[in-house]
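What follows is a short report on a single structure.
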Amino acid sequence: MMQPTRTKFRKAHKGRIHGRAKGGSSLNFGAFGLKALTAGRVTARELEACRRAITRHIKRSGRMWIRVFPDVPVSKKPTEVRMGKGKGNPEYWVVRIEPGKIMFELDGVPPTLANEAFMLGAAKLSVRTKIVTRPGHAAA
Numbered sequence: 206m207m208q209p210t211r212t213k214f215r216k217a218h219k220g221r222i223h224g225r226a227k228g229g230s231s232l233n234f235g236a237f238g239l240k241a242l243t244a245g246r247v248t249a250r251e252l253e254a255c256r257r258a259i260t261r262h263i264k265r266s267g268r269m270w271i272r273v274f275p276d277v278p279v280s281k282k283p284t285e286v287r288m289g290k291g292k293g294n295p296e297y298w299v300v301r302i303e304p305g306k307i308m309f310e311l312d313g314v315p316p317t318l319a320n321e322a323f324m325l326g327a328a329k330l331s332v333r334t335k336i337v338t339r340p341g342h343a344a345a
């Protein structure tokens, strides 16, 4: 699973996701991409499950890029612990996804295969997505 090797601060504020993606909203590497339509926090486990589903379906042909990285720690207090006494320990890592953000890209695979792979991967994510295609390539 993806997580930073080291961070400047151990714990982060919850924060809010406002507006649309400022960068990373267009295809930069591959011919096909999986684009977020809604905002949300996607965990490292979800990203790993999506990555596995896509790579297994394309059977290691072509090339895949992951355009997002879980860099926000989410803390959680242990079970049956009273409130107060400070913030809990970091439990897992998430990436804040804005609408319009490209999350995965594929190249070197047929359009139908890319479409099927992204459909399988999108089922693992907690945000709504759509499949986008670079102009000049057959629609996925």
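For the sequence shown, the working numbering gives the first residue as 206, with consecutive numbering after it. For glycine and all other residues, C-beta sits at the position ideal for the given N, C-alpha and C.
query: Any idea which residues DSSP pairs residue 183 with across the strands?
result: Residue 183 is absent from the structure shown; the chain starts at 206 and stops at 345.
message: Taking 6 Å as the limit between beta carbons, can you name the residues of its chain near residue 322, skipping five residues before and five after?
response: 259, 262 and 263
field: For residue 310: DSSP bridge partner residues
entry: 238 and 270
C-alpha gap between residue 290 and residue 282, whole angstroms: 10 Å
message: Quick check on DSSP: helix, strand or coil for residue 316?
response: helix
query: Opposite residue 280 in the DSSP bridges: which residues?
result: 295
Option nearest residue 240 by Cα separation, candidates 256, 327 and 340: 327
field: Exposure of residue 314, with buried meaning 16 or more beta-carbon neighbours within 10 Å
entry: buried
task: Would you mind stating whether residue 319 and residue 278 have Cβ atoms separated by less than 7 Å?
output: no
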